[in-house]
Amino acid sequence: MGITISIHDGVIIGYSVSFLENELILDIETVADEIVTVTFENYLAHDFHNVMAGSILFDIDEADLNTFFVENREQFENYKLYAWPIWYGNTNELEQDLQKDNYKCYVISASLGLTGYVFAKALKIKRN
Numbered sequence: 000m001g002i003t004i005s006i007h008d009g010v011i012i013g014y015s016v017s018f019l020e021n022e023l024i025l026d027i028e029t030v031a032d033e034i035v036t037v038t039f040e041n042y043l044a045h046d047f048h049n050v051m052a053g054s055i056l057f058d059i060d061e062a063d064l065n066t067f068f069v070e071n072r073e074q075f076e077n078y079k080l081y082a083w084p085i086w087y088g089n090t091n092e093l094e095q096d097l098q099k100d101n102y103k104c105y106v107i108s109a110s111l112g113l114t115g116y117v118f119a120k121a122l123k124i125k126r127n
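Listed below in structure tokens is the structure:
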């Protein structure tokens, strides 16, 4: 039986992006006073809002890409002008390209502070 690591109500103590390693890292202090690292592997892009010290996580969920793009279509139509997160002709093309390349969308929800999402191929959580 595996041991699960709960990040619910954990405080984000930092995050970093390495474009060389293609990863985004969140460091979190859990309610059990452990420091854990959430690594988004094969990272493509992220969009965070309400970034502040003391941000308290509610959860990180993998979103269904189709549903995510239906709910956020207008946002990505605007981002298209800036080729973000990649170059694409329309939102359907972006969604298809991400699915073809096995990207996932991880949605970060908060009780306080940082919210957003990350496009990456995998998520790993480990104790430090």
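Numbering (numbering that gives the first Met the number 0), first residue to last: 0 to 127. Glycine is no exception: its CB is placed at the ideal position from the N, C-alpha and C atoms.
Just verifying my parser: in three-state terms, what is the DSSP assignment at residue i?
| i | result |
| --- | --- |
| Tyr-116 | strand |
| Lys-123 | strand |
| Asp-46 | strand |
| Asp-26 | strand |
| Leu-64 | helix |
Compare the Cα-Cα distances from residue i to each of the options and report the closest residue.
| i | options | result |
| --- | --- | --- |
| Tyr-133 | His-48, Phe-75, Asp-100, Ile-27 | Nothing in the structure corresponds to residue 133, since the chain is present only between 0 and 127. |
| Gln-98 | Thr-66, Ser-15, Asn-77 | Thr-66 |
| Ala-44 | Gly-112, Leu-111, Tyr-78 | Tyr-78 |
| Ile-4 | Ser-15, Ile-24, Thr-29 | Thr-29 |
Which word fits residue i, buried or exposed, when buried means at least 16 other C-beta atoms lie within 10 angstroms of its C-beta?
| i | result |
| --- | --- |
| Val-69 | exposed |
| Glu-94 | buried |
| Ile-12 | exposed |
| Ser-54 | buried |
Among the residues of its own chain, which have a CB less than 7 Å from the CB of residue i, if the five just before and after it don't count?
| i | result |
| --- | --- |
| Asp-46 | Gly-115, Tyr-116 |
| Asn-127 | Ile-34, Val-35, Thr-36 |
| Leu-80 | none |
| Lys-120 | Glu-40, Asn-41, Asn-101, Tyr-102, Lys-103 |
Just how far apart, CA to CA, sit residue i and residue j?
| i | j | result |
| --- | --- | --- |
| Ile-6 | Phe-18 | 25 Å |
| Lys-123 | Leu-56 | 16 Å |
| Lys-103 | Ala-109 | 19 Å |
| Tyr-87 | Asn-71 | 15 Å |
| Gly-9 | Lys-125 | 14 Å |
| Asp-60 | Thr-38 | 14 Å |
| Ile-85 | Met-51 | 27 Å |
| Glu-22 | Asn-89 | 26 Å |
Please work out which residues of its chain come closer than 6 Å, Cβ to Cβ, to residue i, disregarding the five sequence neighbours upstream and downstream, and give them in chain order.
| i | result |
| --- | --- |
| Met-0 | For Met-0, the predicted structure reports a pLDDT of 46, less than 50, and the residue's modelled location is therefore unreliable. The matter cannot be settled from this model. |
| Gly-112 | Asn-49, Met-51, Ser-54 |
| Asp-26 | Ile-12, Gly-13, Thr-36 |
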